[in-house]
Amino acid sequence: MPVQYYIYLALILFSIGVIGVLTRRNAIIVFMCIELMLNATNLLLVAFSQMHQNIAYAANKASSAGIEGQLFVFFIMVVAAAEVSVGLAIIVMLYRNTRSVDINFLNRLKN
Numbered sequence: 069m070p071v072q073y074y075i076y077l078a079l080i081l082f083s084i085g086v087i088g089v090l091t092r093r094n095a096i097i098v099f100m101c102i103e104l105m106l107n108a109t110n111l112l113l114v115a116f117s118q119m120h121q122n123i124a125y126a127a128n129k130a131s132s133a134g135i136e137g138q139l140f141v142f143f144i145m146v147v148a149a150a151e152v153s154v155g156l157a158i159i160v161m162l163y164r165n166t167r168s169v170d171i172n173f174l175n176r177l178k179n
């Protein structure tokens, strides 16, 4: 499958994520949209890594080039898991204090 299809899909996913972050007020939806943007980036990294690996394999059968993008995806997924755990802890504390997950109430946590 051509890499352009992956680029278009990642562009659509990333755009949906950006629109969701900018327009939504629910903190859980905002975190889901951030995860959607990270997954769009992961999709592009894997697609370009596979394309680079195919080109390197055609030139040299013993080449191990093209794995770097997949390693970056692994690290992004680890960071995203940590981000989700911290984010959900913040959302739980926000809900306990304000009985709402509206991000406009974050100013109340200053006290």
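Going by our numbering, the first residue of the sequence shown is number 69, and it counts up by one from there.
Built from N, CA and C at the ideal position, the CB exists for glycine as well.
All values reported here derive from a predicted model rather than from experimental measurement.
- Residue 172 sits exposed, since fewer than 16 C-beta atoms from the chains shown fall within 10 Å of its C-beta.
- Under DSSP, residue 94 shares a beta bridge with 170.
- Sequence-distant Cβ neighbours of residue 97 in its own chain, meaning closer than 8 Å and more than five residues away, are 88.
- Selection 104, 137, 148, 166 evaluated against residue 83 yields 104 as nearest (Cα-Cα).
- Note on geometry: alpha-carbon atoms of residue 95 and residue 159 lie some 7 Å from one another.
- Less than 8 Å separates the beta-carbon of residue 141 from that of residue 110.
- C-alpha of residue 107 to C-alpha of residue 73: approximately 15 Å in a straight line.
- The shortest CA-to-CA distance from residue 137 to any of 85, 81, 93, 114 is the one to 114.
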